[in-house]
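Note sheet for the following structure.
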Amino acid sequence: MLGFQPYETFQVLIETGGTDRTNTLLVAACDAFARRGKPTPAELEQFETLVGRLFPLAAPIARAKAARQLSQSNNLSPALEALIIGSIGDELSNFLESTPSLSDETALEIVARYDVGAAAAVAKRRDLSHPVLAKLFQMNSRKVYRELAANTSIGAQGGFLSALARAAQMDHQVAGLLANRADFDKAMLAPAFFDLIDSDRVKVIEAFAERNTPPTAIKRTLEQLSVANGELTKALMKLFSENRRPEVTRLLTQVTGLDEVRCGQITHDVSGASLFVILRSFGCNSYDGLRVLIHATAQEGERTQQLAVFAGLFGTVRPDAMAYLISVWRGQVNLLDLAKPEYRPFSVETERTRIASRSGNPQVDQAIDALARIGVRRAS
């Protein structure tokens with residue numbers, strides 16, 4: 170058996186040699202098994218019988234050492250995995266994450282024990298079957314969901330997509346991890362919009378570019394108010410230029426139906442992303458919208474580039490889409506409707522709105538530069 174003495178010889182040594190001899194035999198057997206090639210079914214069965222008898226009789230330190238050595242093998246069966254899990258101690262998570270293969274039987278056993286640390290290690294694996302994933306997604310653990318969100322081998326589709334989207338609403342770390350995944354529809358992060366960093370907020374808006382969205386109750390209201398968007402932009406420009414942000418908050422509360430706390434977040438969002446949503450939902454074009462954004466956003470060196478990005482978005486994001494985003498913030502829509510075929514984006518990851526520094530429209534570029542110079546003079 171893989172260079173070992175016959176099983177009966179080990180049996181005699183165990184019975185006559187005491188604990189010390191058992192410890193030595195167990196460690197030696199596990200080390201030899203890990204070093205040898207793939208065993209035949211008969212050899213594997215014989216080895217399972219041997220170590221199944223040795224592990225319970227050995228001292229804890231010897232069991233832990235033997236489990237570490239055995240964990241290096243590429244030919245583990247569920248029975249051997251169970252012995253390792255029961256004896257490897259603090260190195261369990263590392264074993265579950267790094268072992269070349271892990272049986273569904275073992276993975277499901279770990280999840281059933283509700284050992285969050287071990288389950289999180291399992292969630293990092295790239296060879297998870299659907300039954301194991303289904304059980305992991307049923308765990309009510311932020312730690313597990315964070316690993317699932319970071320695991321790009323798990324397709325963000327169907328039930329997994331909805332589970333990840335719901336988790337993002339409750340955990341900003343999950344939302345941030347999903348925002349960095351090329352295969353994840355960033356529109357699903359709309360409820361977590363205000364928990365995201367500035368660049369990730371723009372990704373959410375980009376996900377609505379040239380995209381159909383379900384009808385919303387607020388759409389008609391915004392269409393009726395859009396006839397006065399000239400007055401709205403003038404009022405916002407004046408209030409922002411005079412730093413009267415509490416009044417901006419009250420104005421946004423009146424025209425959007427969002428609560429005052431949310432409107433306060435929009436008012437103080439110096440990235441301008443959430444204010445863009447409001448402006449575009451009212452049908453503001455790039456010129457009028459940028460005039461507001463230049464007064465509302467942070468006076469930093471990179472703001473011209475950010476304004477160019479928003480200039481492009483004014484051309485590719487429809488007012489209906491931003492009205493839908495506002496409805497998400499108001500809790501009036503089922504976000505999972507966006508997964509229906511008629512509302513899916515043309516491409517999950519697109520560069521059409523990721524403008525490096527210019528908008529591509531000479532008139533808009535000229536306006537951006539002029540507004541930026543105005544902002545510099547005001548800041549100084």
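The opening position of the sequence shown corresponds to residue 170 in our numbering, with each subsequent residue numbered one higher. A virtual CB, placed ideally from N, CA and C, is assigned to each residue, including glycine.
Look at the alpha carbon of residue i and the alpha carbon of residue j, and state the distance between them as a whole number of angstroms.
{"i": "Phe-479", "j": "Trp-498", "result": "20 Å"}
{"i": "Ile-374", "j": "Ile-435", "result": "14 Å"}
{"i": "Leu-482", "j": "Thr-268", "result": "46 Å"}
{"i": "Thr-422", "j": "Val-486", "result": "23 Å"}
{"i": "Ile-254", "j": "Phe-329", "result": "28 Å"}
{"i": "Glu-214", "j": "Ala-337", "result": "46 Å"}
{"i": "Cys-453", "j": "Ala-404", "result": "13 Å"}
{"i": "Asn-309", "j": "Ser-443", "result": "31 Å"}
{"i": "Leu-358", "j": "Arg-414", "result": "27 Å"}
{"i": "Arg-335", "j": "Thr-275", "result": "28 Å"}
{"i": "Ala-233", "j": "Tyr-283", "result": "22 Å"}
{"i": "Leu-226", "j": "Phe-202", "result": "19 Å"}
{"i": "Pro-175", "j": "Ala-197", "result": "Because Pro-175 sits at a pLDDT of 47, beneath the cut-off of 50, its placement in the model cannot be relied upon, and the point is left open."}
{"i": "Ile-447", "j": "Ser-256", "result": "58 Å"}
{"i": "Thr-466", "j": "Val-424", "result": "21 Å"}
{"i": "Ala-236", "j": "Arg-190", "result": "17 Å"}
{"i": "Ser-272", "j": "Gly-484", "result": "51 Å"}
{"i": "Leu-305", "j": "Asp-259", "result": "21 Å"}
{"i": "Lys-355", "j": "Gly-327", "result": "15 Å"}
{"i": "Arg-370", "j": "His-437", "result": "14 Å"}
{"i": "Pro-300", "j": "Lys-372", "result": "32 Å"}
{"i": "Leu-302", "j": "Leu-252", "result": "23 Å"}
{"i": "Ala-541", "j": "Asn-263", "result": "Bear in mind that the predicted position of Ala-541 carries a pLDDT of just 45, short of 50, making it too unreliable to give a figure here."}
{"i": "Gln-307", "j": "Val-285", "result": "12 Å"}
{"i": "Asn-349", "j": "Pro-384", "result": "28 Å"}
{"i": "Pro-210", "j": "Leu-223", "result": "20 Å"}
{"i": "Gly-458", "j": "Ala-281", "result": "54 Å"}
{"i": "Glu-416", "j": "Ser-455", "result": "24 Å"}
{"i": "Gly-426", "j": "Ala-397", "result": "17 Å"}
Enumerate in chain order the residues of its own chain whose CB-to-CB distance from residue i is below 7 Å, with the five nearest sequence positions on each side excluded.
{"i": "Ser-450", "result": "Leu-391, Pro-488, Met-491, Ala-492, Ile-495"}
{"i": "Ala-464", "result": "Per the sequence shown, residue 464 should be read as His rather than Ala. Taken in chain order, the residues that qualify are Met-406, Phe-409, Ser-410."}
{"i": "Ser-322", "result": "Arg-295"}
{"i": "Asp-200", "result": "Gln-238"}
{"i": "Arg-311", "result": "Asp-340"}
{"i": "Gly-433", "result": "Thr-418"}
{"i": "Ile-279", "result": "Leu-265, Ala-287, Ala-288, Val-291"}
{"i": "Ala-508", "result": "Leu-330"}
{"i": "Ser-240", "result": "Ile-253, Ile-257, Phe-264, Thr-268"}
Go through its chain and collect everything with a Cβ distance to residue i's Cβ below 6 Å, but skip five positions before and after it.
{"i": "Phe-353", "result": "Ala-325, Leu-347"}
{"i": "Arg-521", "result": "Summary for Arg-521: the model assigns pLDDT 39, below 50, so the residue's position carries little reliability, and this model does not support an answer."}
{"i": "Ser-440", "result": "Asp-367"}
{"i": "Glu-125", "result": "No statement about residue 125 is possible, as the shown extent of the chain runs from 170 to 549 and does not include it."}
{"i": "Asp-364", "result": "His-341, Ala-344"}
{"i": "Glu-379", "result": "Thr-485"}
{"i": "Ala-319", "result": "Leu-346"}
{"i": "Leu-420", "result": "none"}
Here's a check: name, in chain order, each residue in its chain whose Cβ is nearer than 8 Å to the Cβ of residue i, leaving out the five neighbours to either side.
{"i": "Ala-386", "result": "Ser-496, Gln-501"}
{"i": "Glu-511", "result": "Asn-381"}
{"i": "Arg-431", "result": "Phe-363, Trp-498"}
{"i": "Glu-217", "result": "Ser-246, Ala-248, Leu-249"}
{"i": "Ser-270", "result": "Asn-243, Leu-245, Asp-296"}
{"i": "Val-461", "result": "Thr-402, Leu-405, Met-406, Phe-409, Leu-444, Leu-448, Cys-453"}
{"i": "Asn-412", "result": "none"}
{"i": "Leu-277", "result": "Pro-300, Val-301, Lys-304"}
With burial defined as no fewer than 16 other Cβ atoms inside 10 Å of the residue's Cβ, what is the status of residue i: buried or exposed?
{"i": "Ser-242", "result": "buried"}
{"i": "Arg-389", "result": "exposed"}
{"i": "Ala-231", "result": "buried"}
{"i": "Lys-207", "result": "exposed"}
{"i": "Glu-250", "result": "buried"}
{"i": "Asp-428", "result": "exposed"}
{"i": "Pro-247", "result": "exposed"}
{"i": "Ala-332", "result": "buried"}
{"i": "Gly-399", "result": "exposed"}
{"i": "Ser-298", "result": "exposed"}
State the CB to CB distance for the pair residue i and residue j, rounded to an integer number of angstroms; the pair is presumed to be in contact (CB under 8 Å).
{"i": "Leu-261", "j": "Val-220", "result": "Wrong, their Cβ atoms sit about 18 Å apart, outside the cutoff."}
{"i": "Ala-376", "j": "Pro-514", "result": "6 Å"}
{"i": "Pro-360", "j": "Leu-504", "result": "7 Å"}
Between residue i and the ligand NAD, is there a pair consisting of the residue's CB and a ligand heavy atom that are separated by less than 8 Å?
{"i": "Ala-292", "result": "As presented, the structure is devoid of all ligands, the ligand NAD included, so that no description of it is given."}
- Query: Is it true that the region 289-298 meets the region 315-325, where meeting means three or more beta-carbon pairs spaced less than 8 Å apart?
  - Reply: yes
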